[in-house]
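In my numbering, the protein residues as written are 22 to 77.
Heads up, the beta-carbon is just placed ideally off N, CA and C, and yes, glycines get one too.
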Amino acid sequence: MRKREGISMRVHEYRFRSAAGAGMPLERWTGQPLLLVNTASECGFTPQYAKLQALW
């Protein structure tokens with residue numbers, strides 16, 4: 022992910038790493054609905070995680 026301190030970035034300017042480790046620029050989904058979810062996959066309080074993964 023790029024870091025630009027003091028400057029607001031648009032969501033599509035961010036890059037993440039996929040589960041496989043490849044770079045994943047969010048600009049690929051420009052013009053489409055985008056849902057970003059921050060989860061704690063090892064947390065015992067995430068029973069809904071399996072349902073969320075099924076959406077992917």
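R31 carries a coil assignment under DSSP once its states are collapsed to helix, strand and coil. A direct Cα-Cα distance of roughly 23 Å separates A40 from M30. Judged by their CB atoms, H33 and T51 are nearer to each other than the 7 Å cut-off. Listed in chain order, the non-local C-beta contacts of L47 below 8 Å within the same chain comprise V32, H33, E34, Y35, R36, F37 and L55, local neighbours out to five positions each way being set aside.
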